[in-house]
Amino acid sequence: MAILTPRRDAAVQPSQVDSGSLIRRRNTTRDGGRRIGSHVLLLILVIYFITPLWWLAVAATKDTAGLFSGTGGPLWFDQNFNLWNNIAGLFEHQGGIYWRWLGNSFFYAFTGGIGATILAVLAGYGFAKYRFRGRNAFFSLLLGAVMVPMTALVIPTFVLLSNFGLVNTIWAVILPSLLSPFGVYLMRVYTQDAIPDELLDAARVDGAGELRTFFQVALPLLRPAIVTVLLLSVVGTWNNFFLPLAVLSDPNLLPVTVGLNNWQALSNAGAGGEQVWNLIVTGAFVSVLPLIIAFLSLQKYWQGGLSLGALK
Amino acid sequence: MALTPAATKAAPPLPVRKPRRNSIDLMDRKRQRWGWLFVAPFGIVFLTFLVAPLAYAFWMSLHTSTLATGTTFTWFANYVKAFTDPIFLGGLGRVGQFALIMIPAQMIVALVAALVLDNLSTALSKFSRLMIFVPYAIPVVIGALMWGFLYSPRFGPATDIFGLVGLAAPDFLSQGSIFASLVNIVTWQWAGYYMIIIYAALRGIDPAIYEAARLDGANGRQIALRVKVPMISSSMVMVLIFSLIGTLQFFTEPQVLRAVAQGAIPVSYTPNMYAYSLAFSYSQFNYAAAISFALGIVVFIGSYLFLFLTRKQSGLK
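For the protein sequence lines, the chains are A and B, in the order given.
Numbering of the first sequence is given in our numbering, commencing with residue -2 and proceeding in unit increments.
Numbering of the second sequence is given in our numbering, commencing with residue 25 and proceeding in unit increments.
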């Protein structure tokens, strides 16, 4: 410590005029030992987070025998590359219902996600830019709703929907997915900061109506927040398990999450004919690809956006 | 100096302006009603799928249904039953334990990863950031299914990995270790998401502050713990609230692992699983509604209390 301190001060002083990022870089290159330590720590973390996915990718290329006693062990490929057969198997097993589940998942995620986003953008704008009666009361109610656990609503929602004969229809999944209090909260916080009142007033003075002001002036400025809310709500609906598990029983309507879980439960309980381990693993692998690809290719949109709620 | 003539000029027309102002106020008030139109579509969904189910659940929970007497209004009997029901209380205690272990585990992994990444700008660090985040893109059910396979002595690599150092692999799905196994799944799934939130907050800090701390003689660790962590406290509170709400309504992971871990996870492992089995295996919808509602109240009060206690850090009103 005593030896390090003077050297540190000497290195810091000339860099005072540098920009922040330059200072940062210089400090990290200076401490060679700590840098290696940091990278080792990162590598350990990456191995921890990526190993299960690696296992999944490898396991998707095996047949059932290979899964149990493959030549390369659980973390390496079997001599017998079976991925295409497994995918073909997904088309055959129970009439290719797997692809229907995957399609359902897409359908629910996009209708629910887009719907929830539209509602959140409208409501967030209304809360941020108008002072109507009852605004504060409604907004505090909404903030409280962020803290209501959504799963506590599943059983009463099920009973309510069954009173209207909507259980076991696509509406039972889509309609409750439209509710996103957190999305409204994010949109309000963002709208308040991103759109100055003067800009809207200028548009009004120029003769634009309220709707036109919203669509042509406000909406383009809200794009980063819209992408974030859309992503969060699509992922939320895509991940949903408890709601579809409770409200759907028709196998043709299930999303892929509930469907694969059913196969797994059957395979654990059932006799040889129902054990489709290779199809479960390959099905799981295929189903995670779209979202991973979406996240990796949309990086620049979500990386800043996910922290929106904490800005205020 | 320059202001005085303007002020005197403005003074005379004041009586004339007053009525005009009123009409602007009226127009303005009319305009503000547009706010309702923007909020209305969400308001309808809010009423239908949040307020109505909650109110209905509360109404249901005040009734008791038996074969002999049909449905009768029994006031708070179901709540008295719930808060003296050892199964429900056991489940609450269990999610409480999960909260105590799982939330710190996720937050420490997320915070350490974010602090390390914030100090680096190499290709490896960018790659690591994405890889640590990737589990968030995996649906919780698929994540739990996958870990079920990994834990399984038949499919998983544990036997091989522990065999390398000459040890017998522990049975991750036994009654004694299922708690830790579940903590691991949740940490794996969510730490990356929390890491991104914390990382974004760290990036928002002006680096000049670190420079000032360094001039005052702070070392890297002191800067991390005394400067960076306090400055991102509002993000940390948000992450904590997210994971608290998520943990108390724990359902998916234990429900999925139940099929694999034969006997280690009872149907009533968490309050949500208990409510689910009451409703869909035993058709006791009234009691299930009471359990759901009681759980909702516990979560709501818990997170509200937490926000209240940390209001200085979170900056929320």
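For glycine and all other residues, C-beta sits at the position ideal for the given N, C-alpha and C.
All values derive from a computational prediction rather than experimental measurement.
- Taking C-beta atoms as the reference points, G244(B) and R31(A) count as a pair closer than 8 Å.
- Interface with chain B (8 Å Cβ-Cβ cutoff): P241(A) is excluded.
- Proximity of chain A to F304(B) at the Cβ level (cut-off 8 Å) is accounted for by A243, in chain order.
- T93(B) carries a coil assignment under DSSP once its states are collapsed to helix, strand and coil.
- Per DSSP, N208(B) is one residue of the alpha helix (DSSP H) stretching across 202 to 227.
- Taking 8 Å as the cut-off, the Cβ atoms of V119(B) and F266(B) do not count as close.
- Separation of G206(A) and S294(A) (C-alpha to C-alpha, rounded to the nearest whole angstrom) is 38 Å.
- For W83(B), the uninterrupted alpha helix (DSSP H) run begins and ends at 76 to 85, by DSSP.
- For the stretch 272 to 290 of chain B, the beta-carbon criterion of a distance under 7 Å to any beta-carbon of chain A is satisfied by L272, Q273, F275, T276, V280, A283, V284.
- Where K59(A) is concerned, there is no enclosing alpha helix (DSSP H), because DSSP gives it neither an H nor an E.
- In the three-state scheme derived from DSSP, where H, G and I count as helix and E and B as strand, T88(B) is classed as strand.
- For a cut-off of 8 Å, the C-beta gap from I222(B) to A147(B) is around 22 Å, too long to register as a contact.
- When C-beta distances to chain A are compared with 9 Å, the residues of the stretch 153 to 167 of chain B below that value are R153, L154, M155, I156, F157, V158, P159, Y160, A161, I162, P163, V164, V165, I166, G167, in chain order.
- Annotation: the continuous alpha helix (DSSP H) that includes S257(B) extends over 257 to 272.
- Between the stretch 250 to 258 of chain B and the stretch 190 to 199 of chain B, the count of C-beta pairs closer than 8 Å stays below three; the two stretches do not touch.
- Not a single CB atom of chain B sits nearer than 8 Å to the CB of E89(A).
- For K105(B), the enclosing alpha helix (DSSP H) has its first and last residue at 101 to 106.
- L251(A) and L188(B) have their C-alpha atoms spaced approximately 42 Å apart.
- With contacts defined by Cβ atoms closer than 8 Å, Y175(B) and L197(B) form a contacting pair.
- The Cβ-Cβ distance between P241(A) and V253(A) does not fall below 8 Å.
- In the three-state reduction of the DSSP assignment, F129(A) falls in the coil class, being assigned neither a helical nor a strand state.
- Exclusion of the five residues before and after T68(A) leaves D75, Q76 as the residues of its chain whose Cβ lies within less than 7 Å of its Cβ.
- DSSP places S264(A) within a helical segment (H, G or I) once states are collapsed to three.
- By the C-beta density criterion, R130(A) is exposed, having fewer than 16 other C-beta atoms within 10 angstroms.
- Pairwise C-beta distances place the stretch 169 to 179 of chain A in contact with the stretch 68 to 77 of chain B, as three or more of them are shorter than 8 Å.
- Rounded to the nearest angstrom, the Cβ distance from L74(B) to L150(A) is 7 Å, consistent with a contact under 8 Å.
- Around the beta carbon of E277(B), 16 or more other beta carbons sit within 10 angstroms, so the residue counts as buried.
- P290(B) sits away from I315(B), with the two beta carbons spaced by 8 Å or more.
- Taking every protein chain shown into account, the CB of F100(B) has fewer than 16 other CB atoms within 10 angstroms, so this residue is exposed.
- Contact with chain B is absent for Q213(A), since none of that chain's Cβ atoms lies less than 8 Å from the residue's Cβ.
- If you look at S301(B), you'll find it in the alpha helix (DSSP H) that goes 295 to 304.
- Of all residues in the stretch 68 to 101 of chain B, only V69, F70, T72, F73, L74, A76, P77, L78, Y80, A81, M84 come within less than 8 Å of chain A when Cβ atoms are compared, listed by chain position.
- Runs of alpha helix (DSSP H) with 4 or more residues, each lying fully within the stretch 44 to 73 of chain B, are found at 58 to 70, listed in chain order.
- Annotated three-state conformation of W73(A) is coil, per DSSP.
- Contact annotation, V231(A) with F107(A): C-beta distance approximately 7 Å; criterion of less than 8 Å satisfied.
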